[in-house]
Each structure stands twice: as structure tokens, then as C-alpha cells.
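In what follows, a structure is listed as C-alpha cells, so that the remarks can point back to it.
Number of protein chains: 2
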Amino acid sequence: MDLDELVRPILELLRGADARDVRISDLAGPDAHAEAFTALGASLSLGPGDAPLDLAALTRAIEAVIARSVRTLHPRFFNQNFAGADPIAVVGDFLGAALNTTMATYEAAPVFTLMERAVLARLAALAGWGAHDGVFVPGGSFSNLYALQLARLRLDPDARERGHDGAPLVAFASTHAHYSLEKSVVLLGLGRRALVEVDCDERGQLRPDALAAAIDLALARGQRPFFVGATAGTTVLGGFDPLPALADLAKRHGLWLHVDGSFGASALFSPAQSHLMAGVERADSLAWNLHKMLGVTQQCAAFLVQKPGSLRAAFATGASYLFQPDKPYAELDSGDATFQCARRVDALKAWLTWKARGEAGFAARIDHAVALADHCAARIAGDPRFCLAAPPSWVNVCFWWIPPTLRPFAGRTPETDAALHALAPRIKAALLRRGEAMLAFQPIDGGPNCFRLLFINPATQIEDVDATLELLDACGREALA
Amino acid sequence: MDLDELVRPILELLRGADARDVRISDLAGPDAHAEAFTALGASLSLGPGDAPLDLAALTRAIEAVIARSVRTLHPRFFNQNFAGADPIAVVGDFLGAALNTTMATYEAAPVFTLMERAVLARLAALAGWGAHDGVFVPGGSFSNLYALQLARLRLDPDARERGHDGAPLVAFASTHAHYSLEKSVVLLGLGRRALVEVDCDERGQLRPDALAAAIDLALARGQRPFFVGATAGTTVLGGFDPLPALADLAKRHGLWLHVDGSFGASALFSPAQSHLMAGVERADSLAWNLHKMLGVTQQCAAFLVQKPGSLRAAFATGASYLFQPDKPYAELDSGDATFQCARRVDALKAWLTWKARGEAGFAARIDHAVALADHCAARIAGDPRFCLAAPPSWVNVCFWWIPPTLRPFAGRTPETDAALHALAPRIKAALLRRGEAMLAFQPIDGGPNCFRLLFINPATQIEDVDATLELLDACGREALA
Numbered sequence: 001m002d003l004d005e006l007v008r009p010i011l012e013l014l015r016g017a018d019a020r021d022v023r024i025s026d027l028a029g030p031d032a033h034a035e036a037f038t039a040l041g042a043s044l045s046l047g048p049g050d051a052p053l054d055l056a057a058l059t060r061a062i063e064a065v066i067a068r069s070v071r072t073l074h075p076r077f078f079n080q081n082f083a084g085a086d087p088i089a090v091v092g093d094f095l096g097a098a099l100n101t102t103m104a105t106y107e108a109a110p111v112f113t114l115m116e117r118a119v120l121a122r123l124a125a126l127a128g129w130g131a132h133d134g135v136f137v138p139g140g141s142f143s144n145l146y147a148l149q150l151a152r153l154r155l156d157p158d159a160r161e162r163g164h165d166g167a168p169l170v171a172f173a174s175t176h177a178h179y180s181l182e183k184s185v186v187l188l189g190l191g192r193r194a195l196v197e198v199d200c201d202e203r204g205q206l207r208p209d210a211l212a213a214a215i216d217l218a219l220a221r222g223q224r225p226f227f228v229g230a231t232a233g234t235t236v237l238g239g240f241d242p243l244p245a246l247a248d249l250a251k252r253h254g255l256w257l258h259v260d261g262s263f264g265a266s267a268l269f270s271p272a273q274s275h276l277m278a279g280v281e282r283a284d285s286l287a288w289n290l291h292k293m294l295g296v297t298q299q300c301a302a303f304l305v306q307k308p309g310s311l312r313a314a315f316a317t318g319a320s321y322l323f324q325p326d327k328p329y330a331e332l333d334s335g336d337a338t339f340q341c342a343r344r345v346d347a348l349k350a351w352l353t354w355k356a357r358g359e360a361g362f363a364a365r366i367d368h369a370v371a372l373a374d375h376c377a378a379r380i381a382g383d384p385r386f387c388l389a390a391p392p393s394w395v396n397v398c399f400w401w402i403p404p405t406l407r408p409f410a411g412r413t414p415e416t417d418a419a420l421h422a423l424a425p426r427i428k429a430a431l432l433r434r435g436e437a438m439l440a441f442q443p444i445d446g447g448p449n450c451f452r453l454l455f456i457n458p459a460t461q462i463e464d465v466d467a468t469l470e471l472l473d474a475c476g477r478e479a480l481a
Numbered sequence: 001m002d003l004d005e006l007v008r009p010i011l012e013l014l015r016g017a018d019a020r021d022v023r024i025s026d027l028a029g030p031d032a033h034a035e036a037f038t039a040l041g042a043s044l045s046l047g048p049g050d051a052p053l054d055l056a057a058l059t060r061a062i063e064a065v066i067a068r069s070v071r072t073l074h075p076r077f078f079n080q081n082f083a084g085a086d087p088i089a090v091v092g093d094f095l096g097a098a099l100n101t102t103m104a105t106y107e108a109a110p111v112f113t114l115m116e117r118a119v120l121a122r123l124a125a126l127a128g129w130g131a132h133d134g135v136f137v138p139g140g141s142f143s144n145l146y147a148l149q150l151a152r153l154r155l156d157p158d159a160r161e162r163g164h165d166g167a168p169l170v171a172f173a174s175t176h177a178h179y180s181l182e183k184s185v186v187l188l189g190l191g192r193r194a195l196v197e198v199d200c201d202e203r204g205q206l207r208p209d210a211l212a213a214a215i216d217l218a219l220a221r222g223q224r225p226f227f228v229g230a231t232a233g234t235t236v237l238g239g240f241d242p243l244p245a246l247a248d249l250a251k252r253h254g255l256w257l258h259v260d261g262s263f264g265a266s267a268l269f270s271p272a273q274s275h276l277m278a279g280v281e282r283a284d285s286l287a288w289n290l291h292k293m294l295g296v297t298q299q300c301a302a303f304l305v306q307k308p309g310s311l312r313a314a315f316a317t318g319a320s321y322l323f324q325p326d327k328p329y330a331e332l333d334s335g336d337a338t339f340q341c342a343r344r345v346d347a348l349k350a351w352l353t354w355k356a357r358g359e360a361g362f363a364a365r366i367d368h369a370v371a372l373a374d375h376c377a378a379r380i381a382g383d384p385r386f387c388l389a390a391p392p393s394w395v396n397v398c399f400w401w402i403p404p405t406l407r408p409f410a411g412r413t414p415e416t417d418a419a420l421h422a423l424a425p426r427i428k429a430a431l432l433r434r435g436e437a438m439l440a441f442q443p444i445d446g447g448p449n450c451f452r453l454l455f456i457n458p459a460t461q462i463e464d465v466d467a468t469l470e471l472l473d474a475c476g477r478e479a480l481a
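Chains A and B are the protein sequences, given in the same order. Residues 1 to 481, numbered by my numbering, are exactly what the first sequence covers, in order. Residues 1 to 481, numbered by my numbering, are exactly what the second sequence covers, in order.
Next up, the structure:
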């Protein structure tokens with residue numbers, strides 16, 4: 001196979017990453033995609049009689065995948081908590097795939113083991129930690145899962161052998177915390193009721209007084225609090241929970257303090273933004289996804305624990321065919337420090353991107369995103385066609401498009417809620433038809449659907465913000481028509 | 001950045017994938033690696049004052065990563081349950097990284113969602129299933145974890161809300177089953193004691209009579225059996241548990257039957273080997289890693305469940321900012337069918353490789369590997385310098401090198417056990433110094449360390465097998481000297 005021919009369209013995609021004259025989404029349904037692939041001789045379906053595709057057909061298939069996929073590299077893709085992948089990280093992923101090994105042992109991944117340790121050590125230092133333990137996991141959901149498991153085992157070490165005994169353990173996190181905490185307590189056998197959701201302020205930041213009350217209530221009910229899950233950078237509002245106050249409460253009650261900084265911990269790279277993370281130095285564990293704000297490709301998720309040895313104590317089994325103590329450098333094997341067996345070399349792309357950009361480059365990326373969000377929020381605040389749905393924070397801006405009949409917007413009523421809620425999907429559909437920008441909508445705290453712009457991609461410029469707001473206005477009018 | 005320059009060394013690596021005149025392992029310790037990277041101007045460590053690397057330094061770093069990493073593409077790399085990555089899969093990983101999206105929603109991953117469904121549907125059909133449910137996960141350990149969670153919830157649906165109540169649930173798997181089952185029962189809050197290890201025959205295949213007895217014993221003790229974890233292709237011996245007999249026992253006692261075919265399920269592609277999987281049509285769930293026998297890159301792990309809707313029932317939370325029911329094609333969103341939130345597009349590389357090779361190509365790859373293993377086992381059986389440590393099966397050959405003073409080998413004694421056990425790490429060290437072949441050693445069933453050859457790479461030839469045995473003999477003599 002001529003590899004150059006196969007990678008040509010991929011390199012072209014990366015070279016044209018910041019092109020604005022290309023559709024972000026194809027918007028086609030399953031049948032349309034299926035027909036298109038069939039037409040080019042590479043049907044999506046797989047069957048026993050299929051002849052292998054030749055180079056030309058494979059290349060066409062790759063081109064079709066690119067044309068028909070969502071262009072998350074586009075400067076006006078604001079739809080997710082990641083955007084604008086760094087091409088260096090993409091190359092790192094390619095390199096890791098070509099070397100195709102597993103992080104489980106130093107023997108199989110010597111250089112990657114050292115890179116992982118280097119990346120984790122510097123992340124821990126940025127968090128103000130000295131000693132630490134850590135491992136890369138396949139996404140922040142696993143960081144949250146691992147944190148809960150470590151906290152459970154600190155409270156009840158016998159659970160490793162005995163299992164959960166039905167004791168009424170309770171964990172606390174805000175109503176804006178990531179839904180993986182809910183999935184985690186179910187998976188861990190603690191049950192959904194083990195997660196208590198605590199109220200937030202209007203910025204989606206957990207209220208310490210509400211947490212104190214929730215802990216007291218749990219204790220009064222005979223439950224056993226063991227975990228506080230703070231969020232640094234909530235998914236929707238970009239809120240940062242007040243870590244010092246939460247650390248005080250965690251200390252007072254002997255609770256594990258986990259900071260889910262999957263989205264927001266990268267603020268630590270920016271001297272102008274790192275104040276948002278103040279207090280993280282007191283956390284027991286920290287989730288930090290480099291694939292969100294920093295443009296490293298999916299997935300690149302670091303899980304850090306402050307106490308050395310914690311991971312091995314929770315996960316080790318000492319499988320004799322992998323972790324032979326009579327092997328050179330066996331003490332560097334990471335496999336017993338995590339749930340996984342084979343593990344991708346995610347640290348490689350993080351290391352390569354970090355080396356290419358430097359910490360000043362990461363800081364500039366974040367400062368640029370925050371500046372765009374500030375500009376956007378200011379624009380919206382001064383424009384009667386829009387209304388902020390929450391005070392903006394971090395790189396998130398949530399807002400409604402206000403139909404002309406409701407301007408100037410006099411505040412929410414059940415009637416305006418119903419109107420705004422129903423409009424959002426129709427406006428988004430109009431947006432997707434045009435393909436010039438992509439952003440998400442969702443309800444907040446039971447309110448009506450609002451739009452959410454997430455600023456992450458360094459290729460995004462002030463003009464993109466302005467153009468996207470004008471586009472939304474046009475799509476709003478179209479949705480009303 | 002000049003991307004062509006950065007990807008050049010990666011393409012060269014792939015073009016020279018089957019080169020035999022290159023070291024497999026660099027064998028260096030952490031200090032030597034660190035010094036080498038520092039010398040080329042790209043220190044492994046990361047610090048706040050580091051200047052960004054220029055293109056030349058980044059390229060040197062990529063070249064050093066390749067030179068100093070383990071060459072799993074080498075035709076004499078026999079060390080793991082994967083080898084010989086298919087360059088098409090590597091390109092698929094590159095493409096997926098460049099498009100950098102998440103599988104969570106159809107909106108963000110339309111083509112990949114359809115590819116995932118196509119791959120899962122054909123895998124299910126190969127297993128003899130009609131209706132099915134499934135999702136790609138980051139490795140077979142997660143398939144085993146998910147299977148146990150689904151089985152627990154089938155027995156005790158209230159556990160989702162209430163948590164594990166301390167009931168003495170027990171799961172059964174063989175002593176040769178993957179260690180992730182042990183990790184899973186701990187993580188799930190069932191406790192390590194919830195996993196009962198059942199004896200195997202000399203091929204590492206679970207003995208149904210031993211399972212029947214173990215179930216009876218558990219019942220007599222007042223425990224509640226709920227799960228049988230069969231293995232199709234054990235890690236060390238390549239044993240396939242007798243699925244029909246296990247399915248009978250599972251049915252009789254109402255237990256969930258999970259088949260961990262992470263390694264061996266690919267036998268289903270080969271008309272000559274598929275008999276090993278007979279009975280899988282009766283399984284409740286199946287783990288199938290395409291990154292092992294099929295050369296798709298790490299990770300590419302399918303988890304299949306026979307009953308539709310099972311995954312959503314176990315995992316769904318309905319996060320309002322992702323899974324809006326008022327969004328087009330929301331019924332295709334896969335995010336609520338798994339524990340993960342963002343998820344890599346692993347199905348893409350599977351689909352692309354499948355299209356390039358066809359099912360006949362996959363079958364040929366497997367048949368070639370089995371033929372090499374058969375040749376190797378026959379060679380060893382007729383050579384007094386070696387002794388099989390277990391009857392060979394599938395693509396695994398486990399054996400000892402017999403020192404001249406013990407030939408002809410008259411069988412194991414405590415003295416020969418001690419001698420063979422101590423020799424293995426020394427022979428492996430000699431092998432690694434030469435860098436011409438790489439294979440693993442481990443004890444089996446408490447016996448002495450033995451070597452394990454795993455045949456997976458289609459570039460491996462008969463001559464490689466013969467040369468590797470000669471090399472082992474030379475290293476054995478060196479280790480004795």
C-alpha cells in the first residue's frame with residue numbers, strides 16, 4: 001500500500017485546519033451517509049463476501065470520512081469542551097499508533113513510561129504538590145471513578161477483599177458536576193443514592209454553606225460522608241467551585257477532596273487565570289484533561305493523587321506474566337497502578353505538544369480563549385437581541401437569542417421560558433443547515449434551553465465571535481419564519 | 001510547522017515495518033534515555049522555563065522516540081498479545097486523531113457512529129447472534145468490568161439505586177482467566193472474595209466438572225452465584241474454555257455467561273479455527289479485541305451483549321447538555337450506552353483495516369499465525385534442547401530451554417524447577433542485549449518460569465521461528481557461562 005497516498009488527505013486537512021470556507025457539519029442522516037459511501041465503492045456495512053478495497057477506493061473512503069465528519073478544527077466549532085486540536089498532538093497520536101505498544105510495563109514502553117512520569121510530575125508541581133502518584137486514563141470519567149474508589153478504600157480498606165457492606169456512604173458534588181460521578185457511584189456498587197447533589201450559585205459554583213448543611217444532614221441521618229467532588233470548570237457554565245472553603249469542610253469531616261479539573265485545571269498554566277485553582281494544593285486527587293483546553297487529541301487525561309503509593313494500593317494484583325519482579329526496571333512498571341491492562345501511550349502526544357509550545361504557549365492559548373469569552377459576553381450584554389443566561393465565567397458563555405417580540409427582554413416568565421426553550425433546537429437546526437458555526441444548547445437548572453459558546457481553539461478570532469452572533473440572529477429569524 | 005518533516009520518520013518506520021536488521025529493544029535504563037534526549041536538545045523533563053522546540057529539534061525527538069522504543073512491528077517481536085500493527089490501522093488512528101471528535105453523540109460523530117454500528121453488527125453476526133447491543137471500550141479489561149456490572153444488575157436491579165447490599169455474590173472464572181476480572185470485582189464493590197478461581201486442565205482450559213463443583217460448593221455455603229467468565233484464548237497458554245459445557249452450567253443455574261474473547265474471538269474469522277469458539281452463540285456477553293490478533297492498533301476493543309438495550313439500562317443518566325431528546329438522530333447517540341463520556345473513534349481504524357483486508361485477509365492472518373505456532377511446537381517437541389511446558393494451543397507456545405546437563409530432560413523435580421526458574425530472566429537479559437528477538441517468560445500454575453512465543457505478526461516467517469529458537473539456545477549457553 002502506498003502510505004503517502006493514504007495520508008495525503010489527512011495532511012491536507014491539518015494544513016487547512018483554520019479554513020473558514022468549509023462546512024463544519026455535513027448534517028446528513030444515516031441513510032445519506034450510507035448511500036454516499038456505497039456510491040464511492042466502500043459501503044459502510046461489512047459482510048463476509050466483501051472484496052478488499054484497493055488503494056484508490058481506500059483513499060476515496062478516507063476523503064469521504066473527512067468530508068462527512070464534523071470539522072472540530074474549524075475556528076467556529078464551539079460545540080464541545082474540546083476544539084482546535086494541535087497538529088503536533090495529532091502527529092504524536094500517529095507516532096504512538098505506529099509504535100503500537102502498551103504502557104503496562106517499562107519493558108514494553110521505556111520512553112513513554114519516562115514521558116508519562118515527566119508530564120505527571122510537572123502537572124503535580126503546577127498544582128503545588130510535591131510528592132504525588134498518577135497515571136493517564138482514558139478520559140476524565142475514569143479519573144472521577146478512580147478518585148471515588150481511592151476514597152472508599154481509604155475509609156474502608158477491607159472493601160477490597162470483602163466488597164461494599166451496604167454501609168450508607170455518601171459523596172457530595174454540585175448539581176453542575178460532571179455526570180460521570182453519578183455513573184461512578186453506580187458502577188462502584190455504592191448506588192446512585194450515594195451521590196448527594198449540592199446547590200450552586202448562579203455561576204454553577206458549589207455553595208459551601210449548602211455543602212456544610214448537606215454534610216450535617218447526612219450525619220444526622222446516620223449516613224457516612226466520605227468524599228467531596230469539587231469541580232474546576234463545569235461543563236456548561238465554566239464555574240470553579242471555591243476550593244479553599246471545600247478543603248476546610250473536607251478537612252473538618254475527614255473527607256477525601258477530589259478536584260475534577262478535567263476542563264479547568266489547565267488554568268494553572270496561565271499566570272492570569274491560575275487564581276481560579278487556588279486551593280488545589282490541598283486536594284487529595286485531581287483530574288486534568290489535556291485534551292480539552294490544550295488541544296491535545298482525544299484522549300489525554302491525567303489522574304493525579306497526592307499521596308504516593310495510593311494507586312498501587314488500590315489496583316495492584318501482581319499478574320505473574322506481566323509484572324515479574326525479576327525483570328529489569330520492574331519498579332517502573334505502571335500496570336499495577338491502574339485498572340487497565342494494555343494502555344495507550346497518551347503521554348507521548350502530551351509531551352510532544354508541551355515541548356513544541358512551551359508553558360508560555362499553553363498560557364497564551366488559554367488567555368486567548370478567555371479574552372474571546374470576555375469579548376463575547378460584553379457584546380451580548382450590550383445587544384438587545386441576546387440575553388446572558390448566567391454570568392459568564394472561564395471560557396463559557398451561555399445566552400438566549402431573544403425574539404423581536406420579546407425585546408427588550410423583561411425577564412423570564414413561564415411563557416417566555418416555553419418560547420425560548422422551543423426555539424433553541426430550531427435555531428440550531430438552521431445553523432447546522434448553513435454549516436458555518438456549531439454550538440450546543442441545553443437547559444440550565446431547569447430553565448429553558450440556552451446556547452453555549454465554548455472558546456478553546458486558538459484559531460478563533462474576535463471576528464469569528466461577532467460573525468457567529470450575527471449568524472445566530474439570522475438563524476433565529478429563520479426559525480421564527 | 002512543516003508537518004511533512006514531522007511525519008517523515010513515522011512513514012519510514014511503517015515502510016520498514018518488516019525489517020529484521022534493526023534492534024527490537026534499546027534496553028536502556030531511565031538515565032541513559034534521559035541523557036540521550038537531553039543531548040539532542042529535547043530533555044524528557046518538563047519545566048516552566050523551557051523554550052519551545054523548533055522543527056529540527058522536534059524531528060530529532062521523534063526520531064529518538066522511534067529509535068529508543070520497542071519495535072513491536074519487528075517480525076521477531078513475540079512478547080505481547082499484540083504485534084505487527086497493520087499500517088492501514090495506523091493511518092486510521094492518524095485520521096481519527098486529525099478529526100478529533102468524540103463518539104458520545106451522533107451529532108459529533110455521524111460517520112463514526114455508523115461505522116461502529118457496522119463493525120459491532122458484523123462481529124455479533126460472526127458470533128452467531130442476531131439482535132445485539134455493543135460498544136467499543138478502551139480495552140478488554142473494561143469489557144470484563146462491564147459484563148460483571150450487567151450481570152450484577154440483572155440479578156439485582158435495585159443495586160443501581162441502592163448499591164451493593166453486601167449479599168455474597170460470587171463470580172467464577174478459571175485460574176488462567178485475565179486478571180482484570182479480579183480488578184473488576186474489587187472496583188465494583190463486590191470484593192476480591194467474590195471471584196472464585198476454578199481449576200483448568202493442562203492447556204489452561206476451565207474444567208466443567210470443577211466449575212460444577214465450585215457452583216455447588218458456593219450454593220452450599222449460602223453464596224449467590226451470578227456470573228461465569230469463560231475465556232476464549234487465555235493470555236499465557238492460548239486455551240479456549242469449553243463454551244458449550246459452560247453454557248449448560250450457566251443455564252442450569254441462571255448465571256450470566258460472559259466470554260472473554262479479547263485474544264481468541266478473532267478465531268471466528270477463520271473457517272479452520274472458528275470451531276474453538278463453538279458455543280459463543282449462547283453467551284450473554286462477549287469481549288473481542290481487534291487490536292490483538294488482527295493488528296488493529298491499541299486500543300480497539302469491542303464489548304458485545306446479546307440482549308438489546310442492556311447497556312443503556314445499566315449506564316444511562318441522560319445528561320441534559322449532551323443527550324437532548326429534541327436533537328436530530330438523538331436515538332443514535334451512544335454516550336448513554338457506556339460508562340465513558342468522550343470516547344475515541346476506535347471503530348474507524350477497525351472499519352478501515354477490515355475494508356482493506358477483507359474477512360479473507362483476517363482469516364489468512366490468523367491461519368498463518370496458527371501454522372507458525374504448530375511449526376514451532378513440532379520443532380520444540382523434536383529437539384532435546386527444549387521442552388514444551390504445556391501442550392501448545394492456538395498461537396501460544398510455552399517451553400523451557402533445557403541446559404545441557406539436564407538433557408535429555410527426564411521431567412521436573414524441585415531441583416530442575418529451581419534451575420529453570422532462575423535461568424529464564426538471565427536468558428531473557430541475554431536476548432535483550434542482542435536485540436534480535438523479544439519474548440516473555442512467566443511461571444505457569446506455580447511451575448518454573450517458562451518462555452512464551454506468541455505468533456501474531458503476518459510478517460513472521462518459518463525462518464524467524466527457527467532463528468529465534470537457535471538464538472534462545474545461544475542465549476541459554478551464554479546465561480550459563
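Every residue, glycine too, gets a C-beta built ideally from N, C-alpha and C. Here the structure is a predicted model, which is why all the values come from computation and not from measurement.
- A Cβ-Cβ separation of about 7 Å places B:Ser180 in contact with B:Gly140 under the 8 Å criterion.
- Distance check between A:Met293 and each of A:Phe362, A:Arg357, A:Glu281 places A:Phe362 closest, using alpha-carbon atoms only.
- Considering only A:Ser25, A:Gln205, A:Arg152, the residue with the shortest C-alpha distance to A:Gly189 is A:Arg152.
- Neighbourhood of B:Leu58 in chain A, by CB distance below 8 Å: Ile88, Leu352, Lys355, Ala356, in chain order.
- Just measuring C-alpha positions, the residue of A:Ala347, A:Leu388, A:Arg154, A:Asp346 sitting nearest A:Lys307 is A:Arg154.
- In its chain, beyond the 5 residues on either side, Leu181, Gly229 have a beta carbon closer than 6 Å to the beta carbon of B:Ala173.
- At a cut-off of 7 Å between beta-carbon atoms, B:Arg412 makes no contact with chain A.
- Residues of the region 309-320 of chain A that bring their beta carbon within less than 7 Å of a beta carbon in chain B comprise Phe315, Thr317, Ala319, Ser320, in sequence order.
- Along the region 26-37 of chain A, going in chain order, the ones with a CB nearer than 9 Å to a CB of chain B are Asp26, Leu27, Ala28, Gly29, Pro30, His33, Ala34, Phe37.
- Taking a contact as a CB-CB distance under 8 Å, the pair B:Lys355 and A:Ala42 counts as one, their CB atoms being some 6 Å apart.
- For the 7 Å CB-CB criterion, B:Phe94 and A:Ile24 do not form a contact.
- For A:Phe94, the enclosing alpha helix (DSSP H) starts and ends at 87-99.
- Around the CB of B:Thr38, fewer than 16 other CB atoms lie within 10 Å, so the residue is classed as exposed.
- Rounded to the nearest whole angstrom, the CA to CA distance from B:Gly264 to B:Gln80 is 14 Å.
- The C-beta separation of B:Gly134 from B:Leu120 comes to about 4 Å, placing the pair in contact by the 8 Å criterion.
- Bounds of the alpha helix (DSSP H) holding B:Trp351 are 346-381.
- Counted as a single uninterrupted DSSP element, the alpha helix (DSSP H) harbouring A:Cys475 occupies residues 462-480.
- Residue environment: A:Val185 is assigned as buried (16 or more neighbouring CB atoms within 10 Å of its CB, all protein chains considered).
- Listed along chain B, the residues sitting closer than 8 Å to A:Cys341 by beta-carbon distance are Gly139, Gly140, Ser141, His178, Tyr179, Ser180.
- The beta carbons of B:Leu257 and B:Ala250 sit closer together than 7 Å.
- At the C-beta level, A:Leu44 and A:Ala34 come within 7 Å of one another.
- Those residues of the region 194-206 of chain B placed with their C-beta closer than 9 Å to a C-beta in chain A are Ala194, ordered along the chain.
- Straight-line spacing of the CA atoms in B:Leu13 and A:Ala98 works out to 8 Å.
- Residues of chain B whose Cβ lies closer than 7 Å to the Cβ of A:Leu187 are, in chain order, Gln149, Leu188, Phe339.
- Close to chain A, meaning a Cβ-Cβ distance shorter than 9 Å, are the following residues of the region 356-390 of chain B: Ala356, Arg357, Gly358, Glu359, Ala360, Gly361.
- Bridge partners of B:Leu286 according to DSSP: B:Val259, B:Leu304.
- Within chain A, no C-beta atom comes less than 7 Å from the C-beta of B:Ala272; the nearest is roughly 15 Å away.
- A:Asp336 and A:Ala314 have their C-alpha atoms some 9 Å from each other.
- By the rule that beta-carbons nearer than 7 Å mark a contact, A:Asp50 touches chain B.
- The Cβ atoms of A:Gln298 and B:Asn100 sit closer than 7 Å to each other.
- By a beta-carbon distance limit of 8 Å, B:Gln223 contacts B:Pro168. Their separation comes to about 4 Å.
- Counting along the chain, the unbroken alpha helix (DSSP H) around A:Asn144 starts and ends at 140-155.
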